[in-house]
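A.B. asks: Please find one structure pasted underneath; my questions will follow.
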Amino acid sequence: MNQSTWIWQHPDWPRFTWQAEPLAPLLRACGTAQGRLLGMLGAVDGDSEAQSSLDVMLQNIITSSAIEGEQLNVGSVRSSLAKRLGVVEQGRTTARSEGLAELLLDTTQAHQQPLSLERLFTWHRWLFPNDDSLFSRPLLIGTLRGDEPMQVVSGRIDRPTVHFEAPPRAGLDQQLEEFLAWFEASRADSNLDPFLRAGVAHFWFVTLHPFDDGNGRLTRAITDLALAQGETQAIRFYAMSSSILEDRAGYYRILEASQKGSLDITAWLQWFLATLLKALEQALARIDRVLAKARFWQAHGNQGLLPEQIKVLNRLLDGGERGFEHGISAGQYQAVAKVSKATATRHLSYLLETGCVVRLPGGGRSTRYQVNTATKSR
């Protein structure tokens, strides 16, 4: 037999196989992390839960597009999501942001609905409410791609890196039908772990690449749908696309290697599960901050703090890039609170006296303060 060039040219395609032993530790870790996440969510109040869900869904949409090199209008997407989640926020929306919000909510909230070809076409139309692609010809929207060869590329438009070539258009309808039939039937397969099912679905659909454009985003939407079907609540609080974006080069490397390999996709599933675990761990850290923030204000909310002090404390409690991971100085407090140097010093002294913050080691101009989540108010 001639050496196969692409995985879909193997005679047994798409009968995937994998080795259970190297995947078992990752499956256990993902299951444990998901269970911890669900347990923590039970302690989050309704308002915080809605805000956290909004933040994660926004992150999912933004990063899924960023993987493809597209920068979205964050404000518009956030406004479209907020409107649908019942979170009161003001902002302008666009046809693009409305479609992206519809797509994500359909995958995570309408997960019981079957994944049909018509549903995929609807998703594709939501992705491209206007033909704003970079194609030199009109984009085929809401229908399968044409007869031209489909290459999966990344990088600059003028110097793309070709990772693999998708199956030809001839026979694509039948292959897609086979995928959709498997996707529905596998929901009831008790022998197939839901995390593995999501990984197989991701790899299978991205290999088919059935549309002119948007295949990566639709692949990740299908992954979200599979994960939501496996556990309906947790998916709203972690963004796997964000973890994929953090290792975008690794993502394309493992896809390319797997496309040129055998039908044993163990290596791909290892990468997928490790990336999923990272997303779950990030969600755990985020929810932990939410709970710590709630505990802090329960302890210190009755101390008559000024709006400027509350603003700075919330920045410290929220953490992240804007949260002053290594504490805040008097100068930084002055900039964030928009107060004078003397007022900043006075505010910090009061926060220190009431136990809202603690002084970190160091002194003089290098003195820094960190929010105190370990003590109760006086």
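One point on numbering: in UniProt numbering, the residue at position 242 of the sequence shown is 242, and numbering is uninterrupted.
Even for Gly, the Cβ is constructed at its ideal location relative to N, Cα and C.
Remember, predicted model here, so these are calculated numbers, not experimental data.
1. Just to confirm before moving on: does the CB-CB distance between LEU72 and ILE61 stay below 8 Å?
2. Which first and last residues belong to the alpha helix (DSSP H) in which PRO149 is found?
3. Is the stretch 278 to 288 touching the stretch 30 to 43 in the sense that three or more CB pairs, one from each, lie closer than 8 Å?
4. Note down, in chain order, each residue of its chain lying with its Cβ closer than 8 Å to the Cβ of THR63, except the 5 sequence neighbours on either side.
5. Determine, using beta carbons only, whether HIS300 and ARG368 come nearer to each other than 8 Å.
6. So for PHE16, helix, strand or coil by DSSP?
7. My assumption, with CB atoms under 8 Å, is that TRP13 sits in contact with LEU269. Please give the rounded CB distance.
8. Is it the case that the stretch 193 to 209 contacts the stretch 259 to 274, given that we only count it when at least three CB pairs across the two stretches are under 8 Å?
9. Taking three-plus beta-carbon pairs below 8 Å as touching, is the stretch 179 to 186 in contact with the stretch 109 to 122?
10. What three-state label does DSSP hand ARG359 in the structure shown?
11. By the DSSP assignment, the beta strand (DSSP E) with THR161 in it spans what residues?
12. Would you identify the three-state DSSP class for ALA274, choosing helix, strand or coil?
13. Looking at the structure shown, is ILE222 part of a helix, part of a strand, or coil, going by DSSP?
14. With 16 as the cutoff for other CB atoms within 10 Å, does ASP224 come out buried or exposed?
15. Taking just the CA atoms, how far does PRO138 sit from ARG159?
16. Using the rule of at least 16 other Cβ atoms within 10 Å of the residue's Cβ for burial, across every protein chain shown, is GLY146 buried or exposed?
17. Considering ARG315, what are the terminal residues of the alpha helix (DSSP H) in which it resides?
18. Just reading off the alpha helix (DSSP H) that GLN370 is part of, what are its end residues?
19. Reducing DSSP to helix, strand and coil, say where ASP55 ends up.
20. Exposed or buried, GLU353, counting other C-beta atoms within 10 Å across all chains shown (16 or more means buried)?
21. Which of helix, strand or coil does DSSP assign to SER329?
22. When the Cα atoms are used, what is the spatial distance from PRO307 to PRO210?
23. Quick one: residues in its chain with C-beta nearer than 7 Å to the C-beta of LEU313, no 5 flanking neighbours on either side, listed in chain order?
24. Of the residues SER329, GLU148 and LEU144, which one's Cα is nearest the Cα of GLN174?
25. According to DSSP, is SER133 part of a helix, a strand, or is it coil?
26. So, is ARG346 buried or exposed, given that buried needs 16 or more other C-beta atoms within 10 angstroms?
27. Could you check if LEU134 is buried or exposed, using at least 16 other CB atoms within 10 Å of its CB as the buried criterion?
28. For a test of the three-state rule: what should DSSP assign to THR47, helix, strand or coil?
C.D. replies: By the coordinates alone:
1. To locate residue 72, count along the sequence shown from 1; it is residue 72. To locate residue 61, count along the sequence shown from 1; it is residue 61. Yes, they are a contact pair.
2. Taking the first residue of the sequence shown as position 1, residue 149 is located at position 149. Unbroken run through PRO149: none, as it is neither H nor E.
3. Verdict: yes, contact present.
4. Within the sequence shown, numbered from 1, the residue matching residue 63 stands at position 63. Closer than 8 Å at Cβ, skipping near neighbours: ALA239, SER241, SER242, ILE244 and LEU245.
5. By one-based count along the sequence shown, residue 300 stands at place 300. By one-based count along the sequence shown, residue 368 stands at place 368. No. Outside cutoff.
6. If you number the sequence shown from 1, residue 16 lands on position 16. Coil.
7. Here the question's residue 13 lines up with position 13 in the sequence shown. Here the question's residue 269 lines up with position 269 in the sequence shown. So it is not a contact: roughly 17 Å between Cβ atoms.
8. Yes, the stretch 259 to 274 is in contact with the stretch 193 to 209.
9. The stretch 179 to 186 makes contact with the stretch 109 to 122: 3 or more CB pairs, one atom from each, lie closer than 8 Å.
10. Looking up residue 359 in the sequence shown gives position 359. Note: ARG359 maps to strand in three-state DSSP.
11. Along the sequence shown, one-based indexing puts residue 161 at 161. First-last of the beta strand (DSSP E) with THR161: 160 to 165.
12. For the purposes of this step, residue 274 is taken as residue 274 along the sequence shown, with counting starting at 1. Of the three classes helix, strand and coil, the one that applies to ALA274 here is helix, per DSSP.
13. The residue labelled residue 222 in the question sits at position 222 within the sequence shown. In this structure, ILE222 counts as helix in the three-state DSSP scheme.
14. Looking up residue 224 in the sequence shown gives position 224. By the 10 Å Cβ count, ASP224 comes out buried.
15. By one-based count along the sequence shown, residue 159 stands at place 159. By one-based count along the sequence shown, residue 138 stands at place 138. Taking the straight line joining both Cα atoms gives about 22 Å.
16. Here residue 146 refers to the residue found at position 146 when the sequence shown is read from its first residue. It counts as exposed.
17. In the sequence shown, the residue the question calls residue 315 occupies position 315. For ARG315, the enclosing alpha helix (DSSP H) has its first and last residue at 307 to 318.
18. Within the sequence shown, the letter at position 370 stands for residue 370. GLN370 -> not in any alpha helix (DSSP H); beta strand (DSSP E) instead, spanning 368 to 371.
19. To locate residue 55, count along the sequence shown from 1; it is residue 55. Correct three-state label for ASP55: helix.
20. As a first step, residue 353 must be located in the sequence shown, where it is residue number 353. Looking at its Cβ environment, which holds fewer than 16 other Cβ atoms inside 10 Å, GLU353 is exposed.
21. Locating residue 329 in the sequence shown gives position 329, where the first residue counts as 1. SER329 carries a strand assignment under DSSP once its states are collapsed to helix, strand and coil.
22. Here the question's residue 307 lines up with position 307 in the sequence shown. Here the question's residue 210 lines up with position 210 in the sequence shown. If I take the Cα positions, the gap works out to 53 Å.
23. As a working note, residue 313 is residue 313 in the sequence shown. Closer than 7 Å at the Cβ level, and outside the excluded window around LEU313, lie CYS356 and VAL371.
24. In the sequence shown, residue 174 corresponds to position 174, counting from 1. Sorting SER329, GLU148 and LEU144 by C-alpha distance to the C-alpha of GLN174 places LEU144 at the top.
25. Counting from 1 along the sequence shown, the entry for residue 133 is found at position 133. Caution applies to SER133, whose pLDDT of 49 falls short of 50 and renders its modelled position unreliable; the value that the coordinates give is listed next. SER133: coil per DSSP, three-state reduction.
26. Position 346 of the sequence shown, counting from 1, holds the residue named residue 346. If you draw a 10 Å sphere on the C-beta of ARG346, you find fewer than 16 other C-beta atoms in it, and that means exposed.
27. As a position in the sequence shown, residue 134 is number 134, starting the count at 1. Bear in mind that a pLDDT of 45 at LEU134, under 50, signals an unreliable position, so the number given afterwards is only what the model happens to contain. With fewer than 16 Cβ atoms within 10 Å of its Cβ, LEU134 is classed as exposed.
28. Mapped onto the sequence shown, residue 47 falls at position 47. Per the sequence presented here, residue 47 reads as Asp, with Thr not at that position. Helix, per DSSP.
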